[in-house]
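Participant:
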Amino acid sequence: MERIGPPLTGNERETLRAYLDFHRATLAWKCEGLTDEELRRPTSPPSTLSLLGLVRHMAEVERQWFRRTIGGAVVPHLWSEERDFQAAYDASGSTRAEAFAAWEAEVEHSRAVEAAAASLDVTVHVPKWEADASLRLVMLHMIHEYARHNGHADFLREAIDGTVGA
């Protein structure tokens, strides 16, 4: 994934799309050059959070918000038959190839669902919130989700090999 900054004069949809892709690319960049073992390593005990766990979690989050919520698809969770979102964080038996293939596939599905939507005003019911939400809100929520977890990724990566910067 190429990390390109958002346009300075783009319209709302282009800007949201670009910020989301920027944050997706940041997560990939934080994982670049590490072995499977390093990606699985929890570096802030007692937390078991790892970079690979974040990638798996974000695959599940992409799947939830774009495929299920906006797209209306009925698809199972990637790593849990019990619909447990936390299961994605357990990357102890995972590999870069497995986690990134799932995440990249979900990102592509997300892009297709977003592109097919007539506008940012497309609205769907979100049972968890017991309210309707727009595609605009979902995109903003995803930007927030990536930004928060990319902050975690900063600390995880620095603890692995000293690499800093975003």
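First residue of the sequence shown: 71, per the numbering used here; consecutive thereafter.
C-beta atoms are modelled at their ideal positions from N, C-alpha and C, and glycine is treated no differently.
Note that this is a predicted model, so its numbers are computed, not measured.
Could you pull out every unbroken alpha helix (DSSP H) segment of at least 4 residues lying fully inside the stretch 157-209, listed in chain order?
Facilitator: Listed in chain order, they are 166-186.
Participant: Taking the alpha-carbon positions, what's the F155 to S120 distance?
Facilitator: Looking at the two C-alpha atoms, the distance is approximately 15 angstroms.
Participant: Within its chain, find whatever has a CB closer than 6 angstroms to the CB of V234; leave out the 5 residues flanking it on each side and keep chain order.
Facilitator: Correct list, in chain order: E228.
Participant: Could you spell out the range, first to last residue, of the alpha helix (DSSP H) harbouring W99?
Facilitator: Taken as a continuous stretch (DSSP letters only), the alpha helix (DSSP H) holding W99 covers 82-101.
Participant: For a test of the three-state rule: what should DSSP assign to I74, helix, strand or coil?
Facilitator: Looking at I74 - three-state DSSP - the assignment turns out to be coil, as it is neither helix nor strand.
Participant: Where does the unbroken alpha helix (DSSP H) through G141 begin, and where does it stop?
Facilitator: Run containing G141: none; DSSP gives neither H nor E here.
Participant: Excluding five sequence neighbours on each side, which residues of the same chain lie with their C-beta closer than 7 angstroms to the C-beta of G80?
Facilitator: Taken in chain order, the residues that qualify are A88.
Participant: Nearest-angstrom Cα distance between F170 and E132?
Facilitator: Cα to Cα, F170 sits roughly 13 angstroms from E132.
Participant: Pick out whichever of R94, G75, A201, E82 has its Cα sitting closest to the Cα of E178.
Facilitator: Ranking R94, G75, A201, E82 by Cα distance to E178 puts R94 first.
Participant: What whole-angstrom Cβ distance do V192 and T139 have, given they're in contact under 8 angstroms?
Facilitator: 11 angstroms between Cβ atoms; not a contact.
Participant: Suppose you measure from the CA of S114 to the CA of A188; what does that come to, to the nearest Å?
Facilitator: Looking at the two C-alpha atoms, the distance is approximately 43 angstroms.
Participant: From what residue to what residue does the alpha helix (DSSP H) around D106 run?
Facilitator: Start and end: 106-110.
Participant: If you follow the alpha helix (DSSP H) that G123 is in, where does it begin and where does it stop?
Facilitator: Taken as a continuous stretch (DSSP letters only), the alpha helix (DSSP H) holding G123 covers 121-132.
Participant: How many Å lie between T105 and A201 at the Cα?
Facilitator: Between T105 and A201, the C-alpha separation is close to 42 angstroms.
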